[in-house]
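Participant: So the sequence shown is numbered by the UniProt record's numbering: it starts at 1 and just counts up by one.
Cβ coordinates follow ideal geometry from the N, Cα and C atoms, glycine included.
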Amino acid sequence: MAAPITNRAVWQDAAGVPGVVRASPLPGTDAELGDRKVLVKVHAWAVNPCDHMLQDRELGKYPAILGCDVAGTVSAAAAAASSRFRVGDRVFGVAANNGFQDYVALEDRLAAHIPGDMSFRDAVVFGLAGATAAMFLFGDGYLGLDLPGLGAPRKGKSVLVWGGSSAVGGNAVQLAAAAGYDVVATCSRKNFDYVRRLGAVQVFDYKDADVAGKVAGELDKGDCAGIFVAAGSRDGNVAACRIAAASKQGLKLASSGFIGNLGDVPAGVDVRQPTAATFKPFPDAWFETTPATFEGYLPEALSRGAYKVAPPPLVVNRRGLDGIQEAVNFMRVVSGGGLDGIKEAVDRTSEGGRGDGISPVKLVVERP
Ligand SMILES: NC(=O)c1ccc[n+]([C@@H]2O[C@H](COP(=O)([O-])OP(=O)(O)OC[C@H]3O[C@@H](n4cnc5c(N)ncnc54)[C@H](OP(=O)(O)O)[C@@H]3O)[C@@H](O)[C@H]2O)c1
């Protein structure tokens with residue numbers, strides 16, 4: 001197996017300080033690749049809200065490497081992964097917080113081929129958001145919906161995706177629609193068309209004072225298979241609980257921002273989330289639903305043009321690892337609601353390139 005000669009990572013040395021680029025041990029030895037990993041030379045990294053949250057939070061163990069979403073070329077494949085991946089293959093995938101490196105060892109089950117002439121910058125948007133959406137929609141112990149498939153029959157049942165314009169929400173809308181559910185979603189009014197294009201049949205403005213009553217009324221027009229709060233943190237959880245409580249059906253509810261105090265949940269609302277006994281750490285938590293993502297539906301749908309690149313990438317810079325901290329800083333501002341300012345800032349840089357002009361974007365850094 002040909003190993004790369006050097007590797008570097010963005011090292012997090014303490015809570016609340018910028019990451020520092022320096023050498024990192026090669027994850028390319030046979031022992032580190034284990035049975036089932038592929039070593040990927042990264043060409044594009046995407047940044048998620050968790051990257052700035054984890055940068056700011058005390059992790060207990062330093063130095064650490066953050067980062068999840070990568071796309072690049074396979075430079076080595078462990079024995080059990082070599083039936084699926086060959087050196088030179090173009091792949092995208094998700095790492096459990098060690099993605100900000102030049103070379104990343106991905107679990108083969110959490111990697112997939114990039115179809116046709118799709119760019120690294122487009123392919124890198126799916127990793128964490130896709131894995132998260134699939135886990136909450138299809139995972140046992142979450143909503144447990146039927147898996148997506150090309151040409152899946154319509155179920156005649158709805159699913160509510162709260163926060164359908166977010167990265168997680170956009171994947172959830174597409175995956176649930178591909179599983180045959182009629183997706184009802186919430187987002188800002190400016191994103192109604194975007195979320196409809198992803199496959200929602202009904203969209204509601206989450207800032208509307210009466211959104212809970214309106215959405216509950218819509219869901220009660222037929223059978224509803226469940227509610228997924230993709231974005232919106234506490235506000236989203238509160239609103240979704242209100243909808244579930246107002247509905248005449250006993251609705252299942254799962255949230256990407258786990259519901260901390262179940263005592264706040266109204267009676268009759270069926271919250272689906274792990275207990276201390278059933279909790280699985282990442283990356284294990286994503287494995288169960290890879291038939292919907294990396295090992296099944298997602299790459300197939302991408303290759304058939306049946307799945308949209310959503311949110312579209314906004315390239316922050318092309319400085320590779322040296323540009324990651326800038327993107328994490330931008331992500332922090334975006335999470336605070338400053339997306340418009342970020343788009344202008346990126347436009348002003350000579351290296352940057354905008355998304356396609358619609359509202360949501362995924363912040364991406366490319367290799368020089
Ligand atoms: N548990 C996990 O494993 C896991 C994994 C990944 C992410 N997450 C969490 O999932 C959430 C979404 O992540 P992401 O990457 O998708 O974020 P993102 O793309 O940055 O989401 C931003 C979008 O969320 C929408 N939003 C904000 N407040 C909302 C509200 N009250 N109700 C509905 N929508 C709202 C906004 O949509 P509009 O522009 O339309 O207003 C905004 O554009 C984050 O809280 C993240 O920490 C959890």
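1) Please classify GLY268: is it buried, with 16 or more other beta-carbons within 10 angstroms of its beta-carbon, or exposed?
2) Helix, strand or coil: which one does DSSP assign to SER233?
3) Within the continuous alpha helix (DSSP H) that includes THR132, where are the two ends?
4) Ordered along the chain, which non-local residues of its own chain (more than five positions away) have a Cβ less than 7 Å from that of PRO148?
5) If I measure Cβ to Cβ from GLU32 and keep anything under 7 Å in the same chain, skipping five residues before and after, which residues do I get?
6) Select from PRO25, GLY260 and GLY16 the residue whose C-alpha is nearest the C-alpha of residue 373.
7) Relative to ligand 1, is the shortest distance from any of its heavy atoms to the C-beta of CYS241 smaller than 7 Å?
8) With burial defined as no fewer than 16 other Cβ atoms inside 10 Å of the residue's Cβ, what is the status of SER256: buried or exposed?
9) Between the beta-carbon of GLY232 and the beta-carbon of TRP162, is there less than 8 Å?
10) May I ask which residues mark the beginning and end of the beta strand (DSSP E) holding GLU107?
11) Pick from LEU26, ASP13, ALA46 and ASP35: whose alpha carbon is nearest that of ARG318?
12) So PHE92 packs on PHE126, CB below 8 Å; how close in whole Å?
13) In chain order, which alpha helix (DSSP H) runs of at least 4 residues are fully inside the region 23–95?
14) Hey, how far is the Cα of VAL40 from the Cα of ASN171?
15) Checking the sheet assignment: what are the DSSP bridge partners for GLN12?
Facilitator: According to the data block:
1) As a position in the sequence shown, residue 268 is number 268, starting the count at 1. With fewer than 16 other Cβ atoms within 10 Å, it is exposed.
2) Here residue 233 corresponds to residue number 233 of the sequence shown, with the count starting at 1. Of the three classes helix, strand and coil, the one that applies to SER233 here is helix, per DSSP.
3) Position 132 of the sequence shown holds residue 132. Where THR132 is concerned, the enclosing alpha helix (DSSP H) stretches over 127–138.
4) Here residue 148 corresponds to residue number 148 of the sequence shown, with the count starting at 1. Same-chain partners within the cutoff: LEU175, ALA178, ALA179, ALA292 and TYR297.
5) By one-based count along the sequence shown, residue 32 stands at place 32. Hits under 7 Å: ALA105.
6) Absent from the model: residue 373. The displayed extent of the chain is 1 to 368, so no value can be given.
7) Residue 241 sits at position 241 when you count from the first residue of the sequence shown. CYS241 Cβ: outside cutoff for every heavy atom of ligand 1.
8) Here residue 256 refers to the residue found at position 256 when the sequence shown is read from its first residue. SER256 should be labelled buried.
9) Taking the sequence shown and counting its residues from 1, one reaches residue 232 at position 232. Taking the sequence shown and counting its residues from 1, one reaches residue 162 at position 162. Result yes, Cβ atoms of GLY232 and TRP162 sit closer than 8 Å.
10) As a working mapping, residue 107 is identified with position 107 in the sequence shown. Residues 103–107.
11) Residue mapping note: residue 318 aligns to position 318 of the sequence shown, counting from 1. Minimum Cα distance to ARG318 is reached at ALA46.
12) Along the sequence shown, read from residue 1 onward, the residue named residue 92 stands at position 92. Along the sequence shown, read from residue 1 onward, the residue named residue 126 stands at position 126. With 8 Å as the limit, PHE92 and PHE126 qualify as a contact, their Cβ atoms being about 6 Å apart.
13) The alpha helix (DSSP H) runs lying completely inside the region 23–95 and spanning 4 residues or more are 30–33 and 49–56, given in chain order.
14) Against the sequence shown, residue 40 aligns to sequence position 40. Against the sequence shown, residue 171 aligns to sequence position 171. So the alpha carbons of these two residues sit roughly 24 Å apart.
15) Working through the sequence shown from its first residue, we reach residue 12 at position 12. ALA64, per the DSSP bridge assignment.
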